[in-house]
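K.L.:
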Amino acid sequence: MEKVDIAIIGSGVIGLATAYALSKSGKDIMVIEKNPSFGQETSSRNSEVIHAGIYYPKDSLKSKTCIHGKNLLYDLCDKYNIPYRKLGKLILASDSEGLEKLDSIYKNATECGVKNLRLLDKKEIKALEPDVTAQKAIFSPDTGIIDSHALMKFLHQAAKNNNVNFAFSVEVTNIKKEGASYKIEVKEPKGDSFSFRARCVINCAGLQSDKIAEFIGIDPEESGYRIHYCRGQYFRIRNPKKFSVKHLVYPPPGVIDLGIHVTPDLAGGLRLGPDAKYVDKIDYDIEEKQARPLFFDSVSKFLPSLEEADLIPDTVGIRPKLQKKGENFRDFVVKNEEEKGFPNFVNVIGIESPGLTSCLAIGEMIKNIIGEQC
Ligand SMILES: Cc1cc2nc3c(=O)[nH]c(=O)nc-3n(C[C@H](O)[C@H](O)[C@H](O)COP(=O)(O)OP(=O)(O)OC[C@H]3O[C@@H](n4cnc5c(N)ncnc54)[C@H](O)[C@@H]3O)c2cc1C
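The sequence shown: position 368 = 1556 (my numbering), numbered continuously.
Next up, the structure:
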């Protein structure tokens, strides 16, 4: 039976960043991906925002990996010409609830060490964004947008150049701990099955990461690793030149999402979204009829010249949330499961936003977690 040092399950941006971080170690690394190519799930269905780390509780993994990851990402983009733009972001408030939220977001962000934030009044908002109406805003100059496909293409190629092997269209169907290593069973597209061994396994399977953990016998309910799907839909603005929006423009965040925001993209377009709704199954069809008036109501509050007819349906992404409906904040899980009896099995679970921003920091963290052991 073939044996590798490290098996990485999943080649979304997290699996790719992990492969990239580990690729200079000289270890024998295999990435297994059930789709025909990398980045075909959540990593290509998101807002492509490089977040500054404003919202997450101090010392949480989300906060630390976002703040560190943002700097790593900007440096990588500069070094390897990966397209991005540091546009800056406005978080707006107009009513008393929004203003209260804005104050606590600002306080949290500064306590977390987010730099360069400014509070803007109505006049200063108008000077930056003439089409936008709000009483007060937080301005974050270090928030940006990135070409996530170009990032993933770079990570894939760089890992391959360092001899990481990628097996596409191969699905992991079971994993068993056997002695000091793991037997990984996989299925090929024609239905043929085979298995191989790995001394280290890194579970970067996104929406299926709870099921991968379950394969080795970790109960997702008991461990708190059950993934809850939370859909986010996007609309695109038909005639983006009608608006002079130059920054990312957000309302105050909700409990499970950041609010329907306006995101300029690198091609000069404008996207609205995502909304947030818990669902039972993965379904990427947009519910246009229900969503259109809700998007219009929400965004026209701060972009009054928007008309409902400006909206055309765009994509849908699904957040792999650990936070159940009605629950409070849940952090990323990045953990060597030694205590549960599975040494060198690293679970990377619940990587919702800001996972794209945090990817390089998470990759580095995993490299440190498995250290020399693999
Ligand atoms: C609507 C939305 C908006 C977002 N906006 C932002 C943003 O603006 N900024 C930001 O920083 N983050 C954002 N995020 C979060 C970000 O997109 C994710 O954190 C990130 O893409 C997660 O990457 P991943 O590699 O963990 O998951 P994925 O991209 O889902 O990759 C997991 C991979 O594992 C594979 N896999 C699963 N099971 C198996 C198996 N059994 N065998 C083999 N392969 C398997 C899948 O096929 C998939 O390719 C957003 C997310 C959503 C949903």
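Beta carbons are placed, not taken as given, at the ideal position from N, Cα and C, and that holds for glycine.
Using a threshold of 9 Å, state whether the C-beta atoms of Asp-1309 and Val-1433 are closer than that.
P.N.:
Working through the sequence shown from its first residue, we reach residue 1309 at position 121. Working through the sequence shown from its first residue, we reach residue 1433 at position 245. No.
K.L.:
DSSP state of Glu-1312, grouped into three classes?
P.N.:
Looking up residue 1312 in the sequence shown gives position 124. Residue state, collapsed to three classes: helix.
K.L.:
Hey, would you say the C-beta of Lys-1399 is under 8 Å away from at least one heavy atom of ligand 1?
P.N.:
The residue you call residue 1399 lines up with position 211 of the sequence shown. Lys-1399: yes, Cβ under 8 Å from ligand 1.
K.L.:
With distances taken Cα to Cα, identify the nearest neighbour of Cys-1254 among Ile-1554, Ile-1557, Ile-1550 and Cys-1562.
P.N.:
Locating residue 1254 in the sequence shown gives position 66, where the first residue counts as 1. The shortest Cα separation from Cys-1254 among Ile-1554, Ile-1557, Ile-1550 and Cys-1562 belongs to Ile-1550.
K.L.:
Check whether the Cβ atoms of Gly-1332 and Val-1237 lie closer than 9 Å to each other.
P.N.:
As a position in the sequence shown, residue 1332 is number 144, starting the count at 1. As a position in the sequence shown, residue 1237 is number 49, starting the count at 1. Their beta carbons are under 9 Å apart, which means Gly-1332 touches Val-1237 by this criterion.
K.L.:
Tell me whether His-1416 sits in a helix, a strand or coil according to DSSP, three-state version.
P.N.:
Along the sequence shown, read from residue 1 onward, the residue named residue 1416 stands at position 228. It is a strand residue.
K.L.:
Hey, which unbroken runs of the beta strand (DSSP E) at 3 residues or more fall wholly within the region 1377 to 1457?
P.N.:
1381 to 1391, 1416 to 1425, 1436 to 1438 and 1449 to 1452
K.L.:
Are there 16 or more other CB atoms within 10 angstroms of the CB of Lys-1295, so buried, or fewer, so exposed?
P.N.:
The residue labelled residue 1295 in the question sits at position 107 within the sequence shown. Answer is exposed; the Cβ neighbour count stays below 16.
K.L.:
Could you tell me the alpha carbon to alpha carbon distance between Asp-1330 and Cys-1388, rounded to whole angstroms?
P.N.:
Your numbering for residue 1330 matches position 142 in the sequence shown. Your numbering for residue 1388 matches position 200 in the sequence shown. So the alpha carbons of these two residues sit roughly 36 Å apart.
K.L.:
State the DSSP-derived secondary structure class of Phe-1356, mapped to helix, strand or coil.
P.N.:
Locating residue 1356 in the sequence shown gives position 168, counting from the first residue. It is coil, neither helix nor strand.
K.L.:
Looking at the structure shown, is Arg-1273 part of a helix, part of a strand, or coil, going by DSSP?
P.N.:
If you number the sequence shown from 1, residue 1273 lands on position 85. Arg-1273 falls in the strand class under three-state DSSP.
K.L.:
Reducing DSSP to helix, strand and coil, say where Asn-1304 ends up.
P.N.:
Counting from 1 along the sequence shown, the entry for residue 1304 is found at position 116. Correct three-state label for Asn-1304: coil.
K.L.:
Locate the beta strand (DSSP E) running through Ile-1506, then write down its first and last residues.
P.N.:
Counted from its first residue, the sequence shown places residue 1506 at position 318. Looking at the DSSP string, the run of the beta strand (DSSP E) that includes Ile-1506 is 1499 to 1509.
K.L.:
Going by CA-CA distance only, name the one from Leu-1210, Asp-1335 and Gly-1420 that's closest to Tyr-1268.
P.N.:
As a first step, residue 1268 must be located in the sequence shown, where it is residue number 80. The shortest C-alpha separation from Tyr-1268 is found at Asp-1335.
K.L.:
Which stretch, first to last residue, makes up the alpha helix (DSSP H) that contains Met-1553?
P.N.:
Reading the sequence shown from its first residue, position 365 is the one you call residue 1553. According to the DSSP assignment, Met-1553 belongs to the alpha helix (DSSP H) that extends over 1543 to 1558.
K.L.:
Could you give the residue range of the alpha helix (DSSP H) that holds Phe-1483?
P.N.:
Position 295 of the sequence shown holds residue 1483. Phe-1483 -> alpha helix (DSSP H) spans 1476 to 1488.
K.L.:
Can you tell me which of the three DSSP states Glu-1285 falls into?
P.N.:
In the sequence shown, counting from the first residue as 1, residue 1285 sits at position 97. Glu-1285: helix per DSSP, three-state reduction.
K.L.:
So, does the region 1283 to 1297 touch the region 1401 to 1416, judging by three or more C-beta pairs under 8 Å?
P.N.:
By the criterion of at least three beta-carbon pairs nearer than 8 Å, the region 1283 to 1297 is not in contact with the region 1401 to 1416.
K.L.:
On a CA-only basis, which of Gly-1442, Pro-1508 and Lys-1274 is nearest Asn-1234? Give me that one, please.
P.N.:
Against the sequence shown, residue 1234 aligns to sequence position 46. Checked all of Gly-1442, Pro-1508 and Lys-1274; the closest Cα to Asn-1234 is Pro-1508.
K.L.:
Specify, as a first and last residue, the run of the beta strand (DSSP E) that Met-1137 falls within.
P.N.:
Lying before the first or after the last residue shown, residue 1137 is absent from the chain, which here runs from 1189 to 1562.
K.L.:
With a threshold of 16 other CB atoms inside 10 Å of the CB of Lys-1378, please say whether the residue is buried or exposed.
P.N.:
Sequence index remark: in the sequence shown, residue 1378 carries index 190 (1-based). Label assigned to Lys-1378: exposed.
K.L.:
Based on DSSP bridge pairs, tell me the residues matched to Glu-1373.
P.N.:
On the sequence shown, residue 1373 is found 185 positions in, with the first residue counted as 1. Asn-1362 and Ser-1383, per the DSSP bridge assignment.
K.L.:
By the DSSP assignment, the alpha helix (DSSP H) with Asp-1263 in it spans what residues?
P.N.:
Here residue 1263 refers to the residue found at position 75 when the sequence shown is read from its first residue. Its alpha helix (DSSP H) spans residues 1249 to 1268.
K.L.:
Tell me the DSSP secondary structure of Tyr-1466 in three-state form.
P.N.:
As a position in the sequence shown, residue 1466 is number 278, starting the count at 1. Residue state, collapsed to three classes: strand.
K.L.:
Using the Cα positions of Ala-1322 and Leu-1499, report the straight-line distance between them to the nearest angstrom.
P.N.:
For this step, residue 1322 is matched to residue 134 along the sequence shown. For this step, residue 1499 is matched to residue 311 along the sequence shown. The C-alpha of Leu-1499 is placed about 22 Å away from the C-alpha of Ala-1322.
K.L.:
Do you know how far the Cα of Arg-1459 is from the Cα of Asp-1261?
P.N.:
Within the sequence shown, residue 1261 is the residue found at index 73, counting from 1. Within the sequence shown, residue 1459 is the residue found at index 271, counting from 1. Here residue 1261 turns out to be Leu, not Asp, going by the sequence shown. Cα to Cα, the separation comes out at about 22 Å.
K.L.:
So what's Asn-1524 in DSSP terms, helix, strand or just coil?
P.N.:
Taking the first residue of the sequence shown as position 1, residue 1524 is located at position 336. In the structure shown, Asn-1524 sits in a strand (DSSP, three-state: E or B).
K.L.:
Relative to the alpha-carbon of Asn-1427, which residue among Ile-1444, Glu-1229, Ala-1455 and Ile-1470 has its alpha-carbon at the smallest distance?
P.N.:
As a first step, residue 1427 is located in the sequence shown; it is residue number 239 there, counting from the start. Comparing Cα positions, the closest option is Ala-1455.
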